[in-house]
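Have a look at the structure below before the remarks.
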Amino acid sequence: MAKFKLDEIDHQILDMLIDNTRIPFTDIAKKLLISAGTVHVRVKKMEDAGIIKGSSLTLDYKKLGYSFIAYVGVFLQNTSQTKFVLERINNIPFVTVAHITTGKFNIFCKIRARNTEHAKDVIFMLDDIDGVYRTETMISLEESINDKKRLMHSIFNEL
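With the first letter of the sequence shown counted as 1, position 50 gets the number 107 in the working numbering; the numbers rise by one all the way through.
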């Protein structure tokens, strides 16, 4: 599939949508001095090309009582069990991200929990999955960088 060509207007539209996925197209249009219909058509083209995949909501997990973050490396008894283990991990709602990885771990997970006791319970759930040999956990003290825009602007500069 050919690379979709983005122009400066597309970049600016994406920039505003990353800041606030709920911004009305009319507000984007006013800021860019174009019609709301133009914004709609451009967003639709980016959706059709697969550049924009839905929209998401950013939650303040701390306010919801889930400020504890840990990363858990999962060692498998056999790599052929990867799919089975991932299906079981997907049933644990406190595991918010899971990657199949190379290197030390077979699977690397991010968990969110209420506190250390709750995190321990989640880690034990991971340990109890058939095929998991052992886990190794790292506690996040603080999420210092979580910035999609810097990557987006680097990608734009390469296009």
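We treat Cβ as the ideally placed atom computed from N, Cα and C, and that holds for glycine.
- Each of Val154, Phe61, Gly94 and Arg169 was checked against the Cα of Asp105, and the nearest Cα belongs to Phe61.
- Around Tyr190, the same chain offers Phe132, Leu133 and Gln134 as residues with beta carbons nearer than 8 Å, after the five sequence neighbours per side are excluded.
- Apart from the 5 residues on each side of it in sequence, Met103 sits with its Cβ closer than 6 Å to the Cβ of Ile109 in its chain, given in chain order.
- A Cβ-Cβ separation of about 6 Å places Ala176 in contact with Ile168 under the 8 Å criterion.
- The alpha-carbon of Ser92 is positioned some 53 Å away from that of Ser137.
- Beta-bridge analysis with DSSP links Met103 to no other residue.
- For His68, the CB contacts under 7 Å within the same chain, skipping 5 residues up- and downstream, are Phe213 in chain order.
- When DSSP states are grouped into helix, strand and coil, Gly94 belongs to the helix group.
- Shown here for Met73: same chain residues with a beta carbon closer than 6 Å to its own, the five before and five after excluded, namely Ile80 and Ile85 in chain order.
- A straight-line Cα-Cα distance of about 48 Å links Met195 and Gly94.
- Residue Gly188 holds the alpha-carbon nearest to the alpha-carbon of Lys140 among Ile126, Glu65 and Gly188.
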